[in-house]
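Data block below; observations after.
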């Protein structure tokens, strides 16, 4: 016998009354082994004994071909589980279960082959560390795990968005420009160089032409325009991917203010004032401001007004119809500067009256704790609801109390108080 096997009573045995000699064969190595029986000076016979692996002591080991792979559903790594018994003998035909987080497995259950391997492929579209594990089907609590690293697919990197300030910016104002870089599955691409440019380039100062993306996949630079006008801001990557956005720089600022609320057919109307200033805040005199209004039902005292020495251009809005009107003021000097505000027209206060007065509930217990809500609805002579009008409440007599003696009507023309 070879090593790892023993015969009881040494290697000799005496025949019994039936002419049989018996020994017990033990071993720890699986496989086919030849046993020879012979007598001194006599014939010999051989017998092949097959020892199989001990499945009761089977245990799994897990190997990976690559700890790192590309998270693009094409890049992959191979998980290879080997199963041996307590004496190190390979175990064939035993089922191995596989599990993983945020990965795709080619199979979740595989039997060991004649090479005692159970293999699967692992792919993913999500960047980061992934835990994969293997266990024997009949020993689910005995789990062995490995960490894999799914890396971003740099080749598919694109600039998914570019952040620049909304609207217009002032000349000489430093602005942040950010490029968000992601792969085809939305994973942030870190440490990727992004190149920034602006056209016309001679009028734009850029803090750095090329910067690398941070851990969130964002590359950021500062841009400062030297004169007013429209600029094309571009961010590009080494693989040719790029994204453009338009930026408008202005060297004058336009604001528009108005009284917030007027009554319909109010003779004085609402005064709106557009103010034009330079970048340093100095009033700009003698420039024409254009005004317009929507919706129908409102009229402006002028469509074009020149700014005075204070840089102001006033107009008056009147209306014969209740509603909310948007007034736009604009100024063009190479670039069109525009601003808006709203004017709300409510019912005519000069013909105001209480159209309805209700109590809810109409009956309450005289406990000084129960409350009834009083609502007065105010309309003008044409039935328009009036907002922003003060209503006065009073009690004729009795021991009841009002929580408030005055209330201002809301957008529905209702003034509210409580009684108890």
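Numbering (this note's numbering), first residue to last: 717 to 1136.
Virtual Cβ for every residue (Gly too), placed ideally from N, Cα, C.
Collapsing the DSSP output to three states places residue 930 in coil. Counting only the Cα atoms, residue 886 lies some 20 Å from residue 1004.
When secondary structure is reduced to three states using DSSP, residue 1064 falls in the coil class, being assigned neither helix nor strand. With respect to the 8 Å criterion, residue 787 and residue 843 are classified as neighbours on the basis of their beta carbons.
Between residue 772 and residue 848, the CB-CB gap reaches or exceeds 8 Å.
Under the three-state reduction of DSSP output, residue 1128 falls in the coil class, being neither helix nor strand.
In this structure, residue 1009 places its C-beta atom within 8 Å of the C-beta atom of residue 1041.
Comparing alpha-carbon positions, the option among 1007, 1014, 1026, 1013 lying closest to residue 1020 turns out to be 1007. In this structure residue 859 does not touch residue 840 by the C-beta definition: roughly 20 Å separates them, more than the 8 Å allowed. Counting the other Cβ atoms within 10 Å of the Cβ of residue 883 gives fewer than 16, which makes it exposed. According to DSSP, residue pairing for residue 749 in a beta bridge involves 765. Assigned with DSSP and collapsed to three states, residue 813 falls in strand. For residue 970, the number of other beta carbons within 10 angstroms of its own is at least 16, and it is reported as buried. At a cut-off of 3 residues, the continuous stretches assigned as beta strand (DSSP E) that sit fully inside the segment 772 to 828 are 775 to 780, 784 to 786, 793 to 800, 811 to 816, 825 to 827. With fewer than 16 neighbouring CB atoms inside 10 Å of its own CB, residue 1108 falls in the exposed class. For the pair residue 1031 and residue 1111, the Cα-to-Cα distance works out to about 45 Å. Relative to residue 990, the option among 793, 890, 947, 1028 whose CA is nearest is 1028. Here residue 949 is not near residue 897, since their CB atoms are 8 Å or more apart.
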